[in-house]
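Protein chains in written order, with this note's numbering: chain C, 3 to 123; chain E, 17 to 403.
Worksheet: the structure to be examined is printed underneath.
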Amino acid sequence: MRFSKDHEWVEVDGDTATIGITAYAAEQLGDVVFVELPDPGKSVKAGEQLAVVESVKAASDVFAPVSGEVIAANGALGDTPETVNDGPEGSGWFVKVKLSNPSEVDGLMDRAGYEAFLATL
Amino acid sequence: MSDESLKSTVLTGAHRALGGRMVAFAGYDMPVQYPRGILKEHQWAREHAGMFDVSHMGPAFLRLSAPTGDGEADHAAVARLIEPLICGDIAGLRPGRLRYTLLLNDAGGVIDDLMIGRPFDEAEQGGLYIVVNAGTKDGDFSLIAHAAGDAAMLTRADDNALIALQGPEAVSVLSAIVPEVAALGFMTFRTIAFDDHDLVVSRSGYTGEDGFEILVPAAIAPGFWDRLLADERVAPIGLGARDSLRLEAGLPLYGHDVDETVSPIEAGLGFALAKRRLKGGAMSGADRIRREQTGDVARLRVGLRVLEGAPAREGAQIADAAGNVVGVVTSGGFAPSLGAPIAMGFVPPAFSRFGTRLNVLIRGRAQPAEVVPMPFVPHRYHRTPTT
Chain C
3 MRFSKDHEWV EVDGDTATIG ITAYAAEQLG DVVFVELPDP GKSVKAGEQL AVVESVKAAS
63 DVFAPVSGEV IAANGALGDT PETVNDGPEG SGWFVKVKLS NPSEVDGLMD RAGYEAFLAT
123 L
Chain E
17 MSDESLKSTV LTGAHRALGG RMVAFAGYDM PVQYPRGILK EHQWAREHAG MFDVSHMGPA
77 FLRLSAPTGD GEADHAAVAR LIEPLICGDI AGLRPGRLRY TLLLNDAGGV IDDLMIGRPF
137 DEAEQGGLYI VVNAGTKDGD FSLIAHAAGD AAMLTRADDN ALIALQGPEA VSVLSAIVPE
197 VAALGFMTFR TIAFDDHDLV VSRSGYTGED GFEILVPAAI APGFWDRLLA DERVAPIGLG
257 ARDSLRLEAG LPLYGHDVDE TVSPIEAGLG FALAKRRLKG GAMSGADRIR REQTGDVARL
317 RVGLRVLEGA PAREGAQIAD AAGNVVGVVT SGGFAPSLGA PIAMGFVPPA FSRFGTRLNV
377 LIRGRAQPAE VVPMPFVPHR YHRTPTT
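Now the structure itself:
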């Protein structure tokens with residue numbers, strides 16, 4: 003698993019990346035009550051808005067850590083958005099993307115690097 | 017993480033010790049939530065007893081400089097000083113009663129919403145207990161002090177703690193420590209001796225639940241907070257759940273749903289307008305208010321149920337079925353008790369009828385919404401036939 007400074011994670015399997023938000027991000031957001039996900043087929047670019055997470059408090063943007071075409075969105079988040087809090091780095095995944103530029107993954111942090119980054123916040 | 021320009025309350029240390037997530041609110045360093053999170057805090061206050069630090073608000077006492085000792089005359093005298101600023105009947109308040117009222121500007125706009133209480137004890141007549149909002153308190157207090165002139169003295173009490181205990185178990189929790197509170201009815205208050213100090217306890221709040229607001233002297237406030245917290249029915253509640261609770265209760269938040277441009281009629285707060293005061297013509301903005309009372313009003317505050325999609329937040333536009341923007345959301349969010357998004361906003365009267373279908377515009381998308389009655393969740397105040 004690789005991590006962005008915007009607190010998204012990416013898990014790569016072949017040319018497919020699963021993307022979600024980190025446990026730290028979920029904790030900071032608090033109780034998630036709504037998630038707006040892109041429809042499959044949409045092209046996303048690294049650094050651009052991918053999704054919106056609504057907690058009780060506020061709406062927050064989620065950015066695409068890598069570029070590609072959305073091939074699946076986690077439908078479970080529609081009925082049970084709290085899944086993001088319960089399993090942020092597992093069952094609470096947001097989308098699967100077919101990578102258009104797999105080398106972008108190399109620019110992301112590994113877990114040790116992300117944890118060191120969190121320690122600076 | 018702490019911002020030194022922020023003011024703290026007597027209880028700030030307690031919030032940090034409880035793991036409260038602190039944010040800046042009205043110039044104060046306040047807990048937005050504790051570790052259990054906003055949803056669970058919200059539900060706790062609806063089911064048990066939630067405890068809130070609202071010490072950032074503005075409690076104060078206005079007292080006649082030279083009371084005559086005739087309680088009725090002294091009350092009438094202090095009421096005469098404050099009534100020109102507000103829309104309510106203070107002269108007619110009975111001893112021990114609290115009234116929700118509004119400070120109005122010359123155009124009939126709302127400078128603040130506030131509570132004014134008439135003391136119960138004969139010896140305290142000629143005094144008023146006043147509680148105003150945090151963000152507006154300095155301006156409010158200078159208006160009141162100016163109106164009082166030499167005839168009365170305004171004493172701020174916002175260096176003490178103001179603790180709200182709200183929820184169906186609030187009365188049994190508080191009466192275990194302060195037995196006198198069980199006899200209080202909704203919107204009444206008393207000064208009660210406790211541990212060699214005086215508490216001012218009102219049966220009131222801003223969650224829609226039964227409960228109390230307690231002015232506690234700074235010297236004993238942390239101990240009082242801890243003593244309540246030791247009761248297993250009590251949980252600390254942050255500003256996040258305070259907001260979702262008051263939103264479900266349909267209660268407007270000053271600075272968001274009501275401000276200096278909004279009149280009491282537009283805001284749906286006509287119940288706070290005293291007939292005697294309006295008839296007398298001395299009420300600020302009386303011309304506008306009387307005109308609006310006949311139905312000639314530009315906009316009204318309504319409750320909205322957002323039927324699908326994301327919560328509509330403050331600032332979201334409201335459109336009619338044809339797509340014309342007809343209003344704006346002034347506060348909104350997810351209602352934990354309903355499991356759905358709700359909002360308040362202003363629309364022209366033609367769109368204010370219950371059942372009217374509208375759209376809220378969120379990130380460029382139109383989501384269906386319906387005008388519904390408020391409160392969204394029924395109030396459960398402790399109303400008593402007398403007192």
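All C-beta atoms, glycine included, are put in the ideal place defined by N, C-alpha and C.
Fair warning: this is a prediction, and the values are worked out from it, not measured in the lab.
- Within the region 106–121 of chain E, contact with chain C at the beta-carbon level (separation under 9 Å) is assigned to no residue.
- Between leucine 130 of chain E and isoleucine 98 of chain E, the CB-CB gap reaches or exceeds 8 Å.
- In the three-state reduction of the DSSP assignment, arginine 32 of chain E falls in the helix class.
- Cβ-Cβ distances below 7 Å link glutamate 38 of chain C to Ala53, Val54 in the same chain, with the five nearest sequence neighbours on each side left out; the list follows chain order.
- Within the same chain, Leu181, Leu244, Val250, Pro252 come within 6 Å of methionine 67 of chain E by CB-CB distance, once the 5 residues on both sides are set aside.
- Scanning E:Ser279, E:Asp336, E:Ala332, E:Phe287 for the CA closest to the CA of aspartate 312 of chain E turns up E:Ser279.
- By the CB criterion at 8 Å, isoleucine 358 of chain E and leucine 289 of chain E fall outside the cutoff.
- For a cut-off of 8 Å, the C-beta gap from arginine 79 of chain E to glutamate 225 of chain E is around 32 Å, too long to register as a contact.
- Under a criterion of Cβ atoms nearer than 8 Å, the residues of chain C adjacent to alanine 326 of chain E are, in order, Phe36, Glu38, Val54, Glu56, Ala61.
- For phenylalanine 96 of chain C, DSSP assigns no beta-bridge partner whatsoever.
- Taking a 10 Å sphere around the C-beta of serine 105 of chain C, we find fewer than 16 other C-beta atoms and assign the residue as exposed.
- Of the residues C:Asp41, C:Gly77, C:Val97, the one whose Cα lies closest to the Cα of alanine 66 of chain C is C:Val97.
- Under the three-state reduction of DSSP output, aspartate 214 of chain E falls in the strand class.
- In the DSSP annotation of this structure, the continuous segment of the beta strand (DSSP E) that includes serine 62 of chain C starts and ends at 61–65.
- In the three-state reduction of the DSSP assignment, leucine 190 of chain E falls in the helix class, which pools H, G and I.
- Assignment of glutamate 91 of chain C by DSSP, reduced to helix, strand and coil, places it in the coil class.
- Pairing threonine 152 of chain E with methionine 3 of chain C, the inter-Cα distance amounts to about 49 Å.
- Fully contained in the region 138–174 of chain E are the following alpha helix (DSSP H) runs of length 4 or more, in chain order: 153–164.
- With three or more CB-CB distances shorter than 8 Å, the region 253–272 of chain E counts as touching the region 42–61 of chain E.
- Residue range 373–378 is occupied by the beta strand (DSSP E) that includes arginine 373 of chain E.
- Contact between the region 348–366 of chain E and the region 309–324 of chain E is present: three or more C-beta pairs spanning the two stretches fall below 8 Å.
- Glycine 32 of chain C has a beta carbon lying within less than 8 Å of a beta carbon in chain E.
- DSSP, read as helix, strand or coil, puts phenylalanine 367 of chain E in helix.
- Judged by DSSP secondary structure, proline 75 of chain E falls within the beta strand (DSSP E) whose first and last residues are 74–80.
- Between the region 3–12 of chain C and the region 23–30 of chain C there are three or more inter-stretch CB-CB distances shorter than 8 Å, so the stretches are counted as touching.
- Separation of the CB atoms of alanine 332 of chain E and isoleucine 378 of chain E is rounded to 6 Å, and the pair is thereby assigned contact status at 8 Å.
- Chain order gives no chain C residues near glycine 301 of chain E, where near means a beta carbon separation below 8 Å; the closest approach is about 34 Å.
- Under the DSSP assignment, aspartate 303 of chain E falls in the alpha helix (DSSP H) whose first and last residues are 302–309.
- When the Cα atoms are used, serine 260 of chain E and proline 268 of chain E turn out to be separated by approximately 11 Å.
- Residue C:Lys59 holds the alpha-carbon nearest to the alpha-carbon of isoleucine 54 of chain E among C:Val86, C:Asp15, C:Lys59, C:Leu120.
- In chain order, Glu38, Val54, Ala61 make up the part of chain C whose C-beta sits under 9 Å from the C-beta of arginine 379 of chain E.
- In the three-state reduction of the DSSP assignment, lysine 44 of chain C falls in the coil class, being assigned neither a helical nor a strand state.
- Under the DSSP definition of a beta bridge, tryptophan 11 of chain C partners with C:Phe5, C:Gly22.
- Counting along the chain, arginine 37 of chain E sits inside the beta strand (DSSP E) bounded by residues 37–41.
- In this model, isoleucine 236 of chain E and leucine 215 of chain E are separated by some 10 Å (Cα to Cα).
- For serine 368 of chain E, the closest of E:Ala382, E:Leu120, E:Val387 by C-alpha to C-alpha distance is E:Val387.
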